[in-house]
Amino acid sequence: MHRYLAKFSLALSLGCAAVAAWAGAYPDRPLKMIVPFAAGASSDMLARTVADGLATRLGQPVVVENRAGAGGNIGADLVAKAASDGYSLVIGSIGTHATNSLIYGSMPYDTVKDFTPVTLVASVSLVLVVHPSVPARDVKELIAYLQERPGKVSYASGGVGASQHLAGELFKYLAKVDMVHVPYKGSAGSIPDLISGRVPVMFADLPLVLSYIQNGSLRALAVGDRERSPVLPSVPTLAESGVPDYQANAWYGLFAPAGTPPDIANRLQREVAAILEQPEVRKRLIAQGANPSGMAPDAFKAFQRKEIDRWKTVVQAAHIKMD
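Written out as structure tokens, the structure reads:
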């Protein structure tokens, strides 16, 4: 009996040692990070910032790959169906991991069940901008301008169901105005038409339009967050501007396939949080209009579910649907 127990104890020790060795070996090859949107968007900028930091901290290359299409569903689906080993990651958004499930009649993946939330990388302020040809100098003047021209003024977005689209529909819903939605293949693709005035209004990711605001190509009327942006301190919030219940921003988080071991997800979260706490990284992101996060996996999971619930009313009221 003692001999059996000794053998069992030895086997258990060897097994634990093997598990520890396996856990300690991660990662032992390059990682892939999918950006489900076109290059140049906020998601792309954040992905490359995180990927560069992870490559240094993990000692393995992190390859960033843009796989745009179907509102981000194509790229996200690649990771949903990848091995649950921590080597395939996706920078998800409010669209890919919240509202697309409310908008698309058929989804290639389950927004909640097919992913392991790792961390919220950052939220990005959305700023209501207009081309200088629009005479409005503030939100109240814009509302009056739109009410005089129902259905005649267009606004741009990065695609159906994108954060810019949702922000525009929330504004229409609360301000009781009518604008025509013009979706583009990624928010970066809307910029030429926006600065030319072809599409004169947008709730744009602040990093994408900050330089155009600064050089006068676009006029910033308000930001969608509850608080003013530190990079545009003179620009009021929508809530301050007469739309009291308004709150909308873009957010981007890191997701792994469902079933990814908690130890790996927790390690990735800790590494990303450490990257975002680096003074030079934090300063750069804030200067670009992003708000670094790095929240823990459980908190991020709760945040994701809350976002899905929060946007149901807007999606239903605006009848946003994609087949």
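According to mature numbering (1 follows the signal peptide of the UniProt record, and there is no 0), the sequence shown holds residues -23 to -1, 1 to 300 in order.
Yeah, the Cβ is synthetic: ideal placement off N, Cα and C, and Gly gets one too.
Computed from a prediction, not measured in an experiment: that's the story for all the values here.
DSSP three-state call for residue i: helix, strand or coil?
i: HIS158; result: strand
i: HIS(-22); result: Confidence in HIS(-22) is poor, its pLDDT being 47 and thus under 50, which makes the residue's placement too unreliable to answer from.
i: ALA(-3); result: Note that ALA(-3) has pLDDT 38, beneath the 50 cutoff, so the model's placement of it is unreliable and the number below is only indicative. Helix.
i: ILE71; result: coil
i: LEU105; result: strand
i: ASP286; result: helix
i: THR33; result: helix
i: LYS260; result: helix
i: TYR86; result: coil
i: GLU118; result: helix
i: GLU204; result: coil
i: LEU8; result: strand
i: MET299; result: strand
i: PRO269; result: strand
i: THR237; result: coil
i: ARG196; result: strand
i: TYR229; result: strand
i: ASP62; result: coil
Leaving aside the five residues before and after residue i along the sequence, list all residues of the same chain whose C-beta is less than 6 angstroms from its C-beta, in chain order.
i: SER194; result: ILE172
i: GLY72; result: GLY48, GLY49, GLY138 and ALA139
i: PRO269; result: ALA99, LEU253, ARG259 and LEU262
Taking the alpha-carbon of residue i as reference, which of the options has the nearest alpha-carbon?
i: ALA47; options: THR76, VAL27 and GLN224; result: THR76
i: MET22; options: ASP155, TYR229, LYS149 and PRO109; result: TYR229
i: VAL292; options: GLY128, ASP155 and ALA139; result: ALA139
i: VAL104; options: ALA250, VAL157 and ALA133; result: ALA133
i: VAL89; options: GLY69, SER167, ILE120 and ALA24; result: GLY69
i: GLY201; options: ALA250, SER167 and THR214; result: THR214
i: SER102; options: SER110, PRO207, GLY82 and ARG114; result: PRO207
i: GLY135; options: PRO160, ALA264, GLN265 and THR290; result: PRO160
i: ARG287; options: MET272, ALA225 and GLN141; result: ALA225
i: residue 301; options: SER78, ARG196, SER65 and SER83; result: Since the displayed the chain opens at -23 and closes at 300, residue 301 lies outside it and no answer follows.
i: GLN191; options: PHE180, ALA251, VAL106 and ASP87; result: VAL106
i: VAL130; options: VAL157, VAL116, ASP115 and ARG114; result: VAL157
i: ASP5; options: VAL39, ARG205 and LYS153; result: VAL39
Tell me which same chain residues have a C-beta within less than 8 angstroms of the C-beta of residue i, skipping the five on either side of it?
i: PRO274; result: THR93, PRO94, VAL95, THR96, PRO239, ALA242, ASN243 and GLN246
i: PRO112; result: GLU118 and TYR122
i: ASP222; result: LEU151 and ALA216
i: ALA295; result: GLU146, LYS149 and TYR150
i: SER61; result: THR93, ALA233, PRO234, ALA235, GLY236, THR237 and PRO238
i: GLN265; result: MET22, LEU183, PRO184, LEU187 and VAL208
i: LYS278; result: PRO94
i: MET84; result: ASN50, ASN77 and SER78
Determine whether the beta carbon atoms of residue i and residue j lie at a separation below 7 angstroms.
i: ALA199; j: SER218; result: yes
i: ALA18; j: ALA165; result: yes
i: GLY52; j: PRO13; result: yes
i: GLY128; j: ASP155; result: yes
i: PRO177; j: HIS108; result: yes
i: ALA57; j: ASP91; result: yes
i: ALA15; j: ALA45; result: yes
i: ILE120; j: LEU55; result: no
i: HIS74; j: GLN281; result: yes
i: LEU8; j: LEU231; result: no
i: ILE285; j: ILE80; result: no
i: PHE180; j: GLN141; result: yes
What residues in its chain sit with their C-beta under 7 angstroms from that of residue i, if we drop five residues either side in the sequence?
i: ALA(-1); result: Confidence in ALA(-1) is poor, its pLDDT being 46 and thus under 50, which makes the residue's placement unreliable; the coordinate value appears in the next sentence. For ALA(-1), where only same-chain residues beyond five positions count, the Cβ hits under 7 angstroms are ASP240.
i: ALA(-3); result: In this prediction, ALA(-3) has a pLDDT of 38, which is less than 50 and means its spatial position is unreliable; what the coordinates show is noted afterwards. Result list for ALA(-3): empty, nothing under 7 angstroms.
i: GLU248; result: LEU31, ARG34 and LEU35
i: residue 343; result: Here the chain has residues from -23 to 300 only, and residue 343 is not among them.
i: TYR3; result: GLY63 and ILE241
(message) Is it the case that the segment 24 to 41 contacts the segment 174 to 184, given that we only count it when at least three CB pairs across the two stretches are under 8 angstroms?
(response) no
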